[in-house]
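In this note's numbering, the protein residues as written are 227 to 839.
Beta carbons are placed, not taken as given, at the ideal position from N, Cα and C, and that holds for glycine.
Computed from a predicted model, the values in this text were never measured in an experiment.
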């Protein structure tokens, strides 16, 4: 685990009191070099000390896409270290006016498709059946441990309230814990409607840790392959296997307290290496001082952790800090971000509306500001063209920690299932398939959840059909010929109804049993939608689905623990036989899927006889 090293912040007033020409020398003279870091101490709350077991658990949870409702989103999905701990993806939210490509657009982060309380896909008034997009950009997690309030509006305070009892659990230095409990229940970011902590904890207890990831770093890999289950990982971190929201938050916070970036060229320069920054970076640093950037972006953290209104957008679009404090004088104020690793980011400001550092400097030196409640330090900045170039270079490279840019420890991590660089998501649309209904519409299929072996959350959605239409999801082991598959089995029969939209919608759930024998099995799925105005049903496009074990090659799971209570008992046999008799797909353990036969029973008996790994 990286050492948390002490240091001391240098007040902005001290910088501004010195003549600009003396700025560099003065900063060197006041910089504290204890432990080789300029940054202040990272102080955990007294009730959540940093331990290696807790750090590793937090790191695993940070990359766990199964922490979301539909296994599509992890913390690391929106916080990528090669983007400075923010989100490098460009996702456009149309903003308050609901129209894209207008000035109030927000470049936020992709979340989940809207899902109702039964986890079924549901129409969203803005995004339809596409992934929702957040209404603010994702703040960086790097050095977040040095803040007392988190989120753009500071609603995550340093007093952590137990999510179950709503009583203070950690008092002081606990902003990371407060922040960590928000996304798993946020219906845009990770959750279905009315998701509660009991279901989140139960899901983790049954999940195979990091099953959706690949290229897992050694510290995470060794912990997962040794412990095998989340209850065991929690026992190693907290002393017993209970999974609670508070423990999830404390583990995530512990990991994030190790994400300290203090090895930039600027750090080395201030600590006495005159060649650490290029001449241009040094000129840019001098511009940074001369133009009073240090009033808000105070070295060495490069933020004063206050909230200010810079006049970026009208207050009515997002009231910011006022929504937390209720104070009208906080209207339009947002947290001053730290600038370390800012050169790795692709969007800037709480709206993400500026897409380059040059645009940021142009904004501050221009006059295109909304003046209502604007901070008095904002107007009047005037930077020459050459100074702008130098300042951008200082921000872009002088404040970049190479460990962050290169995702080196402690900023390393596995590749996620939903990664832009991944070759396949295990689900592919088969082109040239589908058949329209009598109105000319082809039923639309939603195929987004990963077909992970052992997952209870695999599902296929349907929309672009009339309300009340009978719909059947069918499957085949053979690819389609023409627009349709020749069905081998039926997955679900339902009625397309969606109270949230004018059209109908449906969701078919297909729990995939934990059976290594299913690894690599390929199936073709298609919706058939009855239409009384034509003789043949309308057909959605066909999706090709390939079941997979994921990280650990299914070795971290246990097929005979049928009820997933972490114990192998006679009750597992009873539960399996009950499921088999009822035609529950959880008991469909052997290929071909969709057919219940002796091979399913033989697979279970053999696995039970061999026991759990």
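Beta-carbon proximity check, residue i vs residue j, cutoff 8 Å
| i | j | result |
| --- | --- | --- |
| residue 287 | residue 477 | yes |
| residue 419 | residue 319 | no |
| residue 568 | residue 531 | no |
| residue 660 | residue 731 | no |
| residue 271 | residue 399 | yes |
| residue 503 | residue 514 | no |
| residue 367 | residue 311 | yes |
| residue 744 | residue 773 | yes |
| residue 334 | residue 294 | no |
| residue 490 | residue 625 | yes |
| residue 291 | residue 644 | yes |
| residue 753 | residue 697 | yes |
| residue 668 | residue 662 | yes |
| residue 430 | residue 273 | no |
| residue 390 | residue 471 | yes |
| residue 426 | residue 409 | no |
| residue 640 | residue 347 | no |
| residue 580 | residue 630 | no |
| residue 388 | residue 374 | no |
| residue 264 | residue 422 | no |
| residue 572 | residue 316 | yes |
| residue 796 | residue 439 | no |
| residue 277 | residue 453 | no |
Residue from the options whose Cα sits closest to the Cα of residue i
| i | options | result |
| --- | --- | --- |
| residue 516 | 597, 715, 607 and 501 | 607 |
| residue 331 | 504, 377 and 576 | 576 |
| residue 584 | 618, 591, 262 and 593 | 618 |
| residue 184 | 581, 542, 573 and 699 | Here the chain has residues from 227 to 839 only, and residue 184 is not among them. |
| residue 701 | 734, 444 and 729 | 734 |
| residue 204 | 321, 393 and 740 | Residue 204 falls outside the range modelled here, since the chain spans only 227 to 839, and no answer is possible. |
| residue 355 | 365, 336, 479 and 473 | 336 |
| residue 473 | 402, 412, 536 and 509 | 402 |
| residue 793 | 776, 595, 564 and 458 | 458 |
| residue 451 | 551, 539, 779 and 501 | 779 |
| residue 435 | 811, 642, 755 and 630 | 642 |
| residue 768 | 523, 694 and 706 | 706 |
| residue 610 | 602, 588 and 690 | 588 |
| residue 535 | 386, 468, 553 and 604 | 604 |
| residue 738 | 510, 433 and 519 | 433 |
| residue 692 | 683, 673, 699 and 664 | 664 |
| residue 412 | 690, 299 and 552 | 299 |
Residue i classed as buried or exposed, judged by whether at least 16 other C-beta atoms fall within 10 angstroms
| i | result |
| --- | --- |
| residue 345 | buried |
| residue 746 | exposed |
| residue 652 | buried |
| residue 704 | exposed |
| residue 428 | exposed |
| residue 593 | exposed |
| residue 801 | buried |
| residue 526 | buried |
| residue 482 | buried |
| residue 831 | exposed |
| residue 393 | exposed |
| residue 808 | exposed |
| residue 685 | buried |
| residue 243 | With a pLDDT of only 36 at residue 243, under the threshold of 50, the placement of this residue in the model should not be trusted, and no figure is reported. |
| residue 406 | buried |
| residue 236 | Model confidence at residue 236 stands at a pLDDT of 40, short of 50, so the residue's coordinates are unreliable and nothing is read from them. |
| residue 255 | The pLDDT assigned to residue 255 is 38, lower than 50, so where the model puts this residue is not dependable; a value taken from the coordinates is nonetheless given after this. Its Cβ having fewer than 16 others within 10 Å, residue 255 is exposed. |
| residue 555 | exposed |
| residue 327 | exposed |
| residue 677 | buried |
| residue 602 | exposed |
| residue 485 | buried |
| residue 728 | exposed |
| residue 321 | buried |
Residue i: CB within 7 Å of a non-hydrogen atom of the ligand MN
| i | result |
| --- | --- |
| residue 368 | Here there are no bound small molecules, and the ligand MN is not part of this structure. |
Legend entry - At least three beta-carbon pairs within less than 8 Å, the segment 821-828 to the segment 720-732: no
Legend entry - Segment contact, 8 Å Cβ cut-off, at least three pairs: the segment 698-714 with the segment 805-820: yes
Legend entry - Unbroken stretches of the alpha helix (DSSP H), 4 residues or longer, contained in the segment 517-601: 548-551 and 583-591
Legend entry - Uninterrupted beta strand (DSSP E) stretches inside the segment 254-333 (no shorter than 3 residues): 317-319
Legend entry - Three or more C-beta pairs below 8 Å linking the segment 543-550 and the segment 366-386: In short, these stretches touch, since the Cβ pair count reaches three.
Inset, instruction - Decide if the segment 775-786 is in contact with the segment 831-839; the criterion is three or more beta carbon pairs, one per stretch, under 8 Å apart. - result: Touching, per the Cβ criterion.
Legend entry - Cβ contact (3+ pairs, closer than 8 Å) linking the segment 440-457 and the segment 626-640: Short answer: they touch.
Legend entry - Whole alpha helix (DSSP H) elements within the segment 447-485, 4-residue minimum: 456-464 and 471-482
Legend entry - Completely contained beta strand (DSSP E) runs for the segment 624-691, where each covers 3 or more residues: 653-656, 670-672 and 685-691
Legend entry - Whole alpha helix (DSSP H) elements within the segment 322-407, 4-residue minimum: 401-406
Inset, instruction - Within the segment 721-779, note down every full beta strand (DSSP E) run reaching 3 residues or more, in order along the chain. - result: 730-735, 748-755 and 768-772
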